[in-house]
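A.B. asks: The structure under discussion is supplied below as structure tokens; questions concerning it will follow.
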Amino acid sequence: MSESDSQRRFILEHTNVRGILTRLDNSWRTMLEGRDYPPIIEDLLGQAATAICLLSATLKSNSSLTLQIQNGNPVTLLVMQVNESQHFRGMAEWQGEITDSSLEKLCHGGQLTITIEQESGERYQSIVDMHQESLAKALHNYFQQSEQLPTDLWLATNSQHAAGLLLQALPEQNEDDDPDAWNRACQLANTITDDELLELPTEELLHRLYHEEDIRLYESSPVAFRCNCSRERFADNLRNLGEKEVQDILKEQGSIRINCGFCQQQYDFDSIDAVQLFTDNAVPELPPTQH
Ligand SMILES: [Zn+2]
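Following numbering that gives the first Met the number 0, the residues of the sequence shown are numbered contiguously, the last one being 290.
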């Protein structure tokens, strides 16, 4: 289906309401490959992936976005990132048994942050209150309390797909715009079921919700799972550890094996690599003086 792994923007004509629909299919399954996440964690990851793809579509291009939950219990870490090319990656770590699916209970005592990084290097970080039933509700609440554009989102996941809808009210309103459009659009979106969000083709879904509105639907843009890890990045991490530490690990284990937490790519460094790590990094000797 051409709509797989894509985002589509739309606007409700004669209103200040715009929306985005995101579907993750193959990309979502690829992210889960070889993982053994408990179903509740898998759901949370799917919601996080869909949410950041939706949120990044509302930002200026060339921004990357990270959603991070840390130091919670039982979810000790969850990281989901999307870059300016709409490539996302994510992972989660947890401890103990996972029984309660509410966000508040899953991430008890932890912190949820959203970080936007612009190409220029500027960074903005927001802390999102997690005392909510779901990630969508926490984000809804965050937008209500912050001085940002009125925004709401609906997220649904299963092991095959993750999908979401985001609505946003733009500040500019024309005289003939319907002042009640935002409330109406949200109320109608509240009637959508998870199955409809996950299964219905975009046009059918929009018709189901907004058949009384005039909808302008834009072309879809692709979304993909991709990790930007590299051997060089992990080599830098080892350099940061320091030569002595690296030699100690080598003495103990023979070689150093690093698995990327996002894509599970494996990187091996043996003792010869280790020597190279630190000679490559050495200050080059000055060239001999010419006479
Ligand atoms: Zn990776």
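A virtual CB, placed ideally from N, CA and C, is assigned to each residue, including glycine.
Out of Tyr123, Asn182, Gln124, point me to the one whose CA is closest to Asp151's CA.
C.D. replies: Within the sequence shown, numbered from 1, the residue matching residue 151 stands at position 152. For Asp151, the nearest C-alpha among the options comes from Asn182.
A.B. asks: Starting from Ile51, follow the alpha helix (DSSP H) in both directions and report where the run begins and ends.
C.D. replies: The residue given as residue 51 occupies position 52 in the sequence shown. Per DSSP, Ile51 belongs to the alpha helix (DSSP H) from 38–56.
A.B. asks: Quick one, what's near ligand 3 if you take every residue whose CB is closer than 6 Å to any heavy atom, in chain order?
C.D. replies: Only ligand 1 can be found as ligands here, which leaves ligand 3 out of the picture.
A.B. asks: Excluding five sequence neighbours on each side, which residues of the same chain lie with their C-beta closer than 7 Å to the C-beta of Ser60?
C.D. replies: The residue given as residue 60 occupies position 61 in the sequence shown. So the list reads Glu83, once near-sequence residues are dropped.
A.B. asks: Can the beta-carbon of Ala298 be found closer than 8 Å to that of Gly89?
C.D. replies: There is simply no residue 298 to check, as the chain begins at 0 and stops at 290 in what is shown.
A.B. asks: For Arg17 versus Asp4, is the C-beta spacing smaller than 8 Å?
C.D. replies: As a working note, residue 17 is residue 18 in the sequence shown. As a working note, residue 4 is residue 5 in the sequence shown. The answer is no: Cβ separation not under 8 Å.
A.B. asks: Please report the straight-line C-alpha distance between Ala155 and Gly109, rounded to a whole angstrom.
C.D. replies: On the sequence shown, residue 155 is found 156 positions in, with the first residue counted as 1. On the sequence shown, residue 109 is found 110 positions in, with the first residue counted as 1. Approximately 23 Å, taken between the alpha carbons.
A.B. asks: Any idea which residues DSSP pairs Val74 with across the strands?
C.D. replies: Working through the sequence shown from its first residue, we reach residue 74 at position 75. According to DSSP, which records beta bridges pairwise, Val74 is partnered with Trp93.
A.B. asks: Are the Cβ atoms of Thr201 and Arg7 separated by less than 8 Å?
C.D. replies: The count along the sequence shown starts at 1 and reaches residue 201 at position 202. The count along the sequence shown starts at 1 and reaches residue 7 at position 8. For Thr201 and Arg7, yes; Cβs fall inside 8 Å.
A.B. asks: Pull the bridge partners of Tyr217 from the DSSP assignment, please.
C.D. replies: The sequence position of residue 217 within the sequence shown is 218, counting from 1. Bridge partners of Tyr217: none, in fact.
A.B. asks: Tell whether a beta-carbon distance below 8 Å holds between Leu43 and Leu134.
C.D. replies: Position 44 of the sequence shown, counted from the start, is the residue given in the question as residue 43. Position 135 of the sequence shown, counted from the start, is the residue given in the question as residue 134. Yes, the pair counts as a contact, with Cβ atoms nearer than the cut-off.
A.B. asks: Hey, quick one: how far does the beta strand (DSSP E) through Phe9 stretch, first residue to last?
C.D. replies: On the sequence shown, residue 9 is found 10 positions in, with the first residue counted as 1. Start and end: 5–11.
A.B. asks: How long is the line joining the alpha carbons of Ser145 and Ile10, rounded to whole angstroms?
C.D. replies: Reading the sequence shown from its first residue, position 146 is the one you call residue 145. Reading the sequence shown from its first residue, position 11 is the one you call residue 10. Each residue's Cα considered, the two are about 23 Å apart.
A.B. asks: Identify every run of the alpha helix (DSSP H) within the segment 139–177, keeping only runs that are complete inside it and at least 4 residues long; order them along the chain.
C.D. replies: The segment 139–177 contains no whole alpha helix (DSSP H) run of 4 or more residues.
A.B. asks: What are the start and end residues of the alpha helix (DSSP H) that includes Ile191?
C.D. replies: For this step, residue 191 is matched to residue 192 along the sequence shown. Per DSSP, Ile191 belongs to no alpha helix (DSSP H) and is neither H nor E.
A.B. asks: Pairs of beta-carbons, one from the segment 105–123 and one from the segment 68–87, closer than 8 Å: are there three or more?
C.D. replies: Segments in contact, yes.
A.B. asks: Could you name the residues of the same chain whose beta carbon sits closer than 6 Å to that of Gly95, not counting the 5 residues immediately before and after it, in chain order?
C.D. replies: Here residue 95 refers to the residue found at position 96 of the sequence shown. For Gly95, where only same-chain residues beyond five positions count, the Cβ hits under 6 Å are Pro73.
A.B. asks: Could you check whether the segment 214–221 touches the segment 248–256, counting it as contact only if at least three pairs of C-beta atoms, one from each stretch, sit closer than 8 Å?
C.D. replies: Touching, no, given that fewer than three Cβ pairs across the two stretches are closer than 8 Å.
A.B. asks: CB-CB under 6 Å to Gln67, same chain, minus the five flanking residues each way: which ones, in chain order?
C.D. replies: Within the sequence shown, residue 67 is the residue found at index 68, counting from 1. Answer for Gln67: Val78, Thr112, listed in chain order.
A.B. asks: How would you write the range of the alpha helix (DSSP H) that Val16 sits in, first residue to last?
C.D. replies: Walking along the sequence shown from the start, residue 16 turns up at place 17. From DSSP, Val16 is part of no alpha helix (DSSP H) but of the beta strand (DSSP E) over 16–23.
A.B. asks: Need the endpoints of the beta strand (DSSP E) that Leu199 sits in, please.
C.D. replies: Residue 199 sits at position 200 when you count from the first residue of the sequence shown. That residue, Leu199, is in no beta strand (DSSP E); it is neither H nor E in DSSP.
A.B. asks: Taking buried to mean at least 16 other C-beta atoms within 10 Å of its own C-beta, is Thr49 buried or exposed?
C.D. replies: Here residue 49 corresponds to residue number 50 of the sequence shown, with the count starting at 1. With 16 or more Cβ atoms within 10 Å of its Cβ, Thr49 is classed as buried.
A.B. asks: Comparing alpha-carbon positions, which option in Asp247, Leu169, Asp267, Met129 lies nearest Leu148?
C.D. replies: Your numbering for residue 148 matches position 149 in the sequence shown. The shortest C-alpha separation from Leu148 is found at Leu169.
A.B. asks: Do Asn15 and Ala180 have their C-beta atoms closer together than 8 Å?
C.D. replies: Stepping through the sequence shown from its first residue, residue 15 is reached at position 16. Stepping through the sequence shown from its first residue, residue 180 is reached at position 181. Going by C-beta atoms, Asn15 is nearer than 8 Å to Ala180.
A.B. asks: Mark His210 as exposed unless 16 or more other C-beta atoms lie within 10 angstroms of its C-beta, in which case mark it buried.
C.D. replies: What you label residue 210 is simply residue 211 of the sequence shown in a count that begins at 1. By the 10 Å Cβ count, His210 comes out exposed.
A.B. asks: Give a yes or no on whether 8 Å exceeds the smallest Cβ distance from Asn157 to chain C.
C.D. replies: The structure shown contains no chain C, having only a single protein chain.
A.B. asks: Do Cys226 and Phe268 have their C-beta atoms closer together than 8 Å?
C.D. replies: Start at 1 with the first residue of the sequence shown, and residue 226 comes out as number 227. Start at 1 with the first residue of the sequence shown, and residue 268 comes out as number 269. No, the Cβ-Cβ distance between Cys226 and Phe268 is not below 8 Å.
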